[in-house]
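With the first letter of the sequence shown counted as 1, position 138 gets the number 139 in the working numbering; the numbers rise by one all the way through. Each remark here refers to the structure printed beneath this line.
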Amino acid sequence: MEQKSYYPYYLPVLLFVAMLVDGHVSSAMMGMLSIPMTFTSHLVLLILMFSTFKVNQTYLMICATVIGLLYDSYFYNVLGINLILLPILVFFMYRLFEYVEPNTLTLILSFIVFVTLMSIGRAVLLSIFKLTNANFLDFFTRNLAPSLLINVLYICLLVIPLSKVYGVYKKK
């Protein structure tokens with residue numbers, strides 16, 4: 002893979018806005034439904050995944066770390082969950098797209114895998130920090146399934162526009 006040297010100055014602002022939209026969408030979905038499920042929106046993860054095609058890896062890792070810190074302090078009041086998970090997932094995204102040719106199907110499937118890894122990592126870290134006592138059956142039915150549902154909708158609606166914006170299909 003060719004070395005990228007693009008440092009967009011708008012990316013931190015875009016990630017911050019996506020973080021706020023994630024929180025509002027998640028809250029709105031839980032407020033609209035009276036069932037005990039957690040819909041976790043991952044627009045930040047979606048933007049990070051598409052940014053791997055244009056942005057320098059070091060710069061994106063720093064952006065992921067900072068947005069993870071902000072995300073943790075804003076939503077959890079416990080530092081460490083997204084601060085750890087987002088940079089690790091960005092690292093895996095870069096490694097994956099070195100070997101996998103991006104097309105619509107691989108982008109959708111990759112995002113599903115990254116959302117699943119993010120949700121499982123979050124559940125494990127919340128259990129380690131003793132912030133939750135949910136078992137894994139509850140996690141899969143009340144958190145992972147609804148989160149995958151909303152995020153699959155996101156990627157299906159946004160894969161083509163974001164691919165064009167980020168120039169994913171262009172030969173490097």
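We put the CB at the ideal spot given by N, CA and C, even for glycine.
Between V22 and L44, the C-beta gap is smaller than 7 Å, which places the two residues in contact. For T142, the closest of L80, P37 and Y8 by C-alpha to C-alpha distance is P37. Of the candidates N78, F92 and N83, F92 places its Cα closest to the Cα of Q58.
Cβ atoms of T107 and V101 come within 8 Å of each other, at about 5 Å. At a cut-off of 4 residues, the continuous stretches assigned as alpha helix (DSSP H) that sit fully inside the segment 69–124 are 82–100.
Within the same chain, L80 and L84 come within 7 Å of L70 by CB-CB distance, once the 5 residues on both sides are set aside. Distance check between H25 and each of V116, I156, L132 and Y75 places Y75 closest, using alpha-carbon atoms only. Secondary structure note for K131: it is in no alpha helix (DSSP H), with a DSSP letter that is neither H nor E. Residue state for V56 is assigned as strand, using DSSP reduced to three classes.
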